[in-house]
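Take 124 as the starting number for the sequence shown in this note's numbering and just add one per residue. Beta carbons are placed, not taken as given, at the ideal position from N, Cα and C, and that holds for glycine. Report on one structure; see the data block that follows.
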Amino acid sequence: MRTIGLMSGTSLDGVDAAWLETDGDQIGRIGPSLTLPYDAELRRDLRKLLDLAEGLPPDDPFLKDCERRLTERHVEAVVKLGLEADLIGFHGQTILHRPVAGRPGEGRTWQIGDAAMLARATGTRVAHDFRSADVAAGGQGAPLVPIAHAVVAAQLPKPLVILNLGGVGNVTWIGSDHRLLAFDTGPANGPLDDWARRSTGADYDKDGRLALAGLPDGAVMARLLAHPYLEAPPPKSLDRLDFDRALRDAGAAELSPADGAATLVAFCACAVAAAARHFPDPPVQWLVGGGGRRNPALMRALACALPEPLRPVEVAGWDGDALEAQAFGILAARVLRGLPLTYPGTTGAPQPLTGGRLTGG
Ligand SMILES: Nc1ncnc2c1ncn2[C@@H]1O[C@H](COP(=O)(O)OP(=O)(O)OP(=O)(O)O)[C@@H](O)[C@H]1O
Ligand SMILES: CC(=O)N[C@H]1[C@@H]2OC[C@@H](O2)[C@@H](O)[C@@H]1O[C@H](C)C(=O)O
Numbered sequence: 124m125r126t127i128g129l130m131s132g133t134s135l136d137g138v139d140a141a142w143l144e145t146d147g148d149q150i151g152r153i154g155p156s157l158t159l160p161y162d163a164e165l166r167r168d169l170r171k172l173l174d175l176a177e178g179l180p181p182d183d184p185f186l187k188d189c190e191r192r193l194t195e196r197h198v199e200a201v202v203k204l205g206l207e208a209d210l211i212g213f214h215g216q217t218i219l220h221r222p223v224a225g226r227p228g229e230g231r232t233w234q235i236g237d238a239a240m241l242a243r244a245t246g247t248r249v250a251h252d253f254r255s256a257d258v259a260a261g262g263q264g265a266p267l268v269p270i271a272h273a274v275v276a277a278q279l280p281k282p283l284v285i286l287n288l289g290g291v292g293n294v295t296w297i298g299s300d301h302r303l304l305a306f307d308t309g310p311a312n313g314p315l316d317d318w319a320r321r322s323t324g325a326d327y328d329k330d331g332r333l334a335l336a337g338l339p340d341g342a343v344m345a346r347l348l349a350h351p352y353l354e355a356p357p358p359k360s361l362d363r364l365d366f367d368r369a370l371r372d373a374g375a376a377e378l379s380p381a382d383g384a385a386t387l388v389a390f391c392a393c394a395v396a397a398a399a400r401h402f403p404d405p406p407v408q409w410l411v412g413g414g415g416r417r418n419p420a421l422m423r424a425l426a427c428a429l430p431e432p433l434r435p436v437e438v439a440g441w442d443g444d445a446l447e448a449q450a451f452g453i454l455a456a457r458v459l460r461g462l463p464l465t466y467p468g469t470t471g472a473p474q475p476l477t478g479g480r481l482t483g484g
């Protein structure tokens, strides 16, 4: 079927949209994709929502206003793509993520976005709410893209790792027997963006210039590397703000702008290297997607920290900016067909689980 996947990630920079033909198991034609950046006001308000989410009722007027504006940008992205689709995969914006491993009914994950409004405005059926069923069953509810990675990487040599460097980092390890192991590695661009905004006023550290001008601070690094998340066995996932406190306690805030950025880059890379210790076998290569692959400071730090070759996903013929959005097209098709989205090896789901809901059409 013809799908449009829509992903608004933890970097809060905009919505990625991608057209793809898929039945959820295989991919057919790959169409165009685009990113519709958010205006500064929406970015700021979404960032504010992350801080407020814990205490907000679902009908809070500020939240509802952000949700409407966010959904309008998604409608705009679909219209701009300008292609017919049978199904839209609508992730929405995560504003809170608190899964409770192995304790059905206790965790919480919250993605905002008005699926009915999107379905009405585009005249297309919408698959959404991809994470709740997994969290309700005691899974992590994230990452969700691993099964889609397995679909697009079907022909590549294994073991293979796909690393996404978004606001948070996440890895998918695919074994020679097609086994999946996936989890969040640690903070990636999220704290770096916050740091760049506070110290330079820019939305992010473009081309890693600030980080390349500094040096990682040994004492701060030592404290950060002792964080229990790194050694904790998967499944595991993170909220965008989960490391903020640890970064403050480690003294990162006292560093100079350049050394602070260099330290955050080094920590992101070390967290990825720590993730590799959980893989059953080393991969033949790492393929890197997400905005972080454009940061030379981060790519250099990763190349130093990992023994295996590390390359942007473009070497496999993929588009590293579109991959997550394409994944939500694949996941939408799986929702429609009732196929599993999550697995014991990806989220800690008790068994392969379908999920998501369908609206409109
Ligand atoms: N040229 C560049 N130099 C440095 N960093 C860059 C560059 N281009 C993009 N980035 C980083 O990539 C981020 C956006 O990445 P991406 O769009 O993959 O995140 P996301 O999809 O929102 O996050 P997630 O995958 O966690 O949901 C930006 O916020 C910025 O930090
Ligand atoms: C709760 C949530 O939205 N998590 C995101 C976030 O951004 C990256 C990482 O943390 C990943 O776990 C997930 O996104 C991708 C799309 C996923 O679910 O696979």
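Taking all protein chains shown into account, Gly414 has 16 or more neighbouring C-beta atoms within 10 Å of its C-beta and is therefore buried. Within 6 Å of the C-beta of Val268 there is at least one heavy atom belonging to ligand 2.
In the DSSP assignment, Asn287 falls within the beta strand (DSSP E) that extends over 283 to 288. As DSSP reads the structure, Gly413 sits in no beta bridge. Excluding the 5 residues flanking it on each side, Gly261 has same chain C-beta neighbours closer than 6 Å at Gly225, Arg226, Pro227, in chain order.
Leu173 and Asp330 have their alpha carbons spaced roughly 26 Å apart. DSSP, reduced to helix, strand and coil, places Glu144 within a strand of the structure shown. The closest CA to that of Gly461, considering only Asn293, Thr477, Phe402, Asn312, is found on Thr477.
Here Leu179 has Leu186 as same chain residues with Cβ atoms under 6 Å from its own Cβ, once five neighbours each way along the sequence are excluded. Taking 7 Å as the cut-off, the beta carbon of Leu387 is found no closer than this to the beta carbon of Asp307. Annotation: the continuous alpha helix (DSSP H) that includes Pro351 extends over 351 to 354. In the DSSP assignment, Gly128 falls within the unbroken beta strand (DSSP E) covering 125 to 131. Fewer than three pairs of CB atoms, one per stretch, sit closer than 8 Å, so the region 158 to 171 makes no contact with the region 204 to 211. By the neighbour-count criterion, in which 16 or more other beta carbons inside 10 Å mark a residue as buried, Arg368 falls on the exposed side. About 36 Å separates the Cβ atoms of Ser299 and Gln216, ruling out a contact at the 8 Å cut-off.
Put simply, the backbone Cα of Asn293 is about 33 Å away from that of Pro184. For His272, the enclosing alpha helix (DSSP H) stretches over residues 269 to 275. According to the DSSP secondary-structure assignment, Gly292 is paired through a beta bridge with Leu288, Gly309.
In the DSSP assignment, Arg231 is bridged to Arg221.
Shortest gap from the CB of Asp330 to any heavy atom of ligand 1: under 6 Å. Per DSSP, the beta bridge partners of Ile150 are Thr145. By the criterion of a C-beta distance shorter than 6 Å, Pro435 is surrounded in its chain by Val411, Arg416, Gly443, once the five residues flanking it on both sides are discounted. Close CB contacts of Gly236 within its chain, under the 8 Å cut and outside five residues either way in sequence, are with Ser131, Glu190, Leu193, Thr194, His197, Phe213, His214, Gly215, Gln216, His251 (chain order). In the DSSP annotation of this structure, the continuous segment of the alpha helix (DSSP H) that includes Arg170 starts and ends at 163 to 175. Less than 7 Å separates the beta-carbon of Leu347 from that of Ala373. Taking 6 Å as the cut-off, the C-beta of Asp307 counts as close to a heavy atom of ligand 2.
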